[in-house]
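For reference, the structure discussed in these notes is given below.
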Amino acid sequence: MERLQKIMAQAGIASRRKCEELILGGKVQVNGETVTALGTKADPDQDEITVSGKPIKNEKKVYVMLNKPKGVITSASDPEGRKIVSDYLKGVRERVYPIGRLDYDTEGLLLLTNDGEFANLLSHPKYHVPKTYLATVKGVPHGEGLDKLRQGIMLEDGMTSPAEVEYKDVDPDNKQAVISITIHEGRNRQVRRMFEAINHPVIRLKRISYGDLLLQNLKRGIYRHLTPDEINRLVQMAMSAKNSKPEGKRPPRRRT
């Protein structure tokens, strides 16, 4: 017997957090009876479990890395009719969902899966898997500004954890710079807000790594499946990060 939200996540319905919302919303039935208690347990081999009237089934686990283009929504649908990440996954038969978010104007490495346990491991704030971005910013930040990011900077939702920051390129003619920044959190539009806090707003933002997984030469709008070794390394990194938390006060979990 396992908790219902864990069974649902393992079946690829959604992340465990989203599965909990489905249960609380009365969308889940076990053997014909609606369940709304999060502590409910079931046997996936014996019990009939349905979500919004549809029976769940265990799918083959899929792990995908997409080079998300700018101007694409990290969502299953968009009421405004804009492009969504699933538009770029036509060859993936299984229903996958993003691990965290990249906002509309941010491009780069996005992981998607139907493995709820894997998604929870990488996205839960207690695991602190590092994510690296290349940020093209207005102006050229002085060392003092970057030091603030390295030490942790106060945002409206609290102090950030220390970031790893270094110059990559400076364009004095256009008065802008390219900065590499690695963070361990996943707050809403966090990198953009961090640079705004030191008065150097982001012009372009690209995620280039997730843990030790690198975007490298994967073309924009193209995806590939992760190898078993890459999956195992991400799991091991998340578990190791759990036992060596970066310093700094953590706010409540929010989407990237």
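In UniProt numbering, the protein residues as written are 1 to 256.
We treat Cβ as the ideally placed atom computed from N, Cα and C, and that holds for glycine.
Just so it is clear, the structure is predicted and the values come from calculations on it, not from any experiment.
Below 8 Å between beta carbons: does that hold for residue i and residue j?
i              : j             : result
valine 202     : valine 137    : yes
leucine 112    : leucine 66    : yes
isoleucine 208 : threonine 132 : yes
glutamate 185  : glutamine 10  : no
isoleucine 198 : valine 191    : no
lysine 27      : arginine 3    : no
Quick one: what's got a C-beta closer than 8 Å to residue i's C-beta in the same chain, skipping five residues either side?
i          : result
alanine 76 : Ile84, Ser86 and Tyr97
proline 55 : Glu48 and Ile49
Can you check which of these residues, the options, is closest to residue i by C-alpha distance?
i              : options                           : result
glutamate 144  : Phe195, Gly108, His184 and Tyr133 : Phe195
isoleucine 164 : Ala9, Val170, Gly158 and Gly152   : A small fix is needed here, since residue 164 is glutamate in this sequence, not isoleucine. That would be Gly152, whose Cα lies nearest to the Cα of glutamate 164.
valine 140     : Pro79, Asp43, Gly158 and His200   : His200
valine 170     : Leu134, Arg187 and Leu149         : Leu134
arginine 82    : Gly53, Pro69, Lys90 and Arg93     : Pro69
lysine 175     : Lys206, His142, Thr182 and Gln190 : His142
isoleucine 99  : Asp147, Val92 and Lys18           : Lys18
I believe residue i touches residue j by the beta-carbon criterion, under 8 Å. Please report the beta-carbon distance rounded to the nearest angstrom.
i             : j            : result
glutamate 226 : tyrosine 88  : Before going on, a small fix: residue 226 reads as leucine here, not glutamate. The Cβ separation is near 16 Å, so there is no contact.
arginine 95   : threonine 74 : The Cβ separation is near 15 Å, so there is no contact.
glycine 108   : glutamate 59 : Not confirmed; about 27 Å, so no contact.
aspartate 115 : lysine 61    : 5 Å
Excluding the 5 residues flanking residue i on each side, which residues of the same chain have their C-beta closer than 7 Å to its C-beta?
i              : result
methionine 237 : Val129, Gly211 and Asp212
tyrosine 167   : Ala177 and Ile179
proline 252    : The pLDDT assigned to proline 252 is 43, lower than 50, so where the model puts this residue is not dependable; a value taken from the coordinates is nonetheless given after this. Taken in chain order, the list of residues that qualify is empty.
glutamate 20   : Gln5 and Leu38
According to DSSP, which residues form a beta bridge with residue i?
i             : result
aspartate 171 : Gln176
glutamate 144 : According to DSSP, which records beta bridges pairwise, glutamate 144 is partnered with nothing at all.
glutamine 29  : Thr34 and Thr50
glutamate 164 : Thr182
lysine 206    : Glu107 and Leu134
histidine 225 : Val64
glutamate 2   : Ala42
proline 98    : Leu112
proline 55    : Thr50
With a threshold of 6 Å on Cβ separation, who are the neighbours of residue i within its own chain once the five nearest residues in sequence on each side are excluded?
i          : result
serine 240 : none
Are any of the Cβ atoms in chain B nearer than 8 Å to that of residue i?
i             : result
isoleucine 84 : No chain B appears in the structure shown, which is made up of a single protein chain.
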